[in-house]
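A.B. asks: Let me give you the structure first, and then I'll get to my questions.
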Amino acid sequence: SPIPVPCAVLVRVMKNASTLGIAIEGGANTQQPLPRIVTIQKGGSAHTCGRLKVGQVILEVNGVSLRGREHKEAARIIAEAFKTKEKDHIDFLVVEPS
Amino acid sequence: REKRLTLPPSEITLL
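Residue numbers (our numbering), protein chains in the order written: chain L, 366 to 463; chain G, 8 to 22.
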């Protein structure tokens with residue numbers, strides 16, 4: 366995005382558990398237009414990483430923007446990023462809650 | 008603002 370985003374942070378989550386372990390809400394055409402993390406499950410890769418937090422909004426997954434994506438599509442992009450064996454990690458661009 | 012009020016809440020997906 367050409368628009369500067371305050372406090373955007375790149376977080377690399379290694380796939381070191383059998384699940385990613387986050388719950389998200391939001392997507393295009395909902396009250397929360399970009400996916401927001403609502404739960405981090407203990408024992409999942411995200412929890413082990415330690416840098417993803419409840420309340421963060423996900424802007425990009427492996428460089429793919431989630432802007433304009435409906436909830437199911439955003440969830441599919443994240444799920445496929447976790448499932449693919451091409452990478453041993455997922456890069457999340459997230460924004461801290463303001 | 009009015010548009011925002013008409014938008015539905017999102018479902019939640021566990022990943």
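The beta-carbon is built from N, C-alpha and C at its ideal position, and this holds for glycine as well.
These numbers were taken from a predicted model, which means no experiment stands behind them.
Drop a sphere of 10 angstroms on the beta-carbon of Leu-14/G, count the other beta-carbons inside from all chains shown, and report buried for 16 or more, exposed for fewer.
C.D. replies: exposed
A.B. asks: So, at 8 Å on beta carbons, what are the nonlocal neighbours of Leu-417/L in its own chain, with the 5 sequence-adjacent residues on each side left out?
C.D. replies: Val-376, Val-378, Ile-387, Ile-402, Ile-405, Ala-411, Phe-457 and Val-459
A.B. asks: With DSSP as the reference, label Arg-432/L as helix, strand or coil.
C.D. replies: coil
A.B. asks: Check whether the Cβ of Lys-450/L lies closer than 9 Å to any Cβ atom in chain G.
C.D. replies: no
A.B. asks: Classify Thr-449/L as helix, strand or coil using the three-state DSSP reduction.
C.D. replies: coil
A.B. asks: In the structure shown, what three-state DSSP assignment does Ala-388/L receive?
C.D. replies: strand
A.B. asks: Take the Cβ of Val-426/L as the centre, count every other Cβ of all protein chains shown within 10 Å, and call the residue buried at 16 or more, exposed below.
C.D. replies: buried
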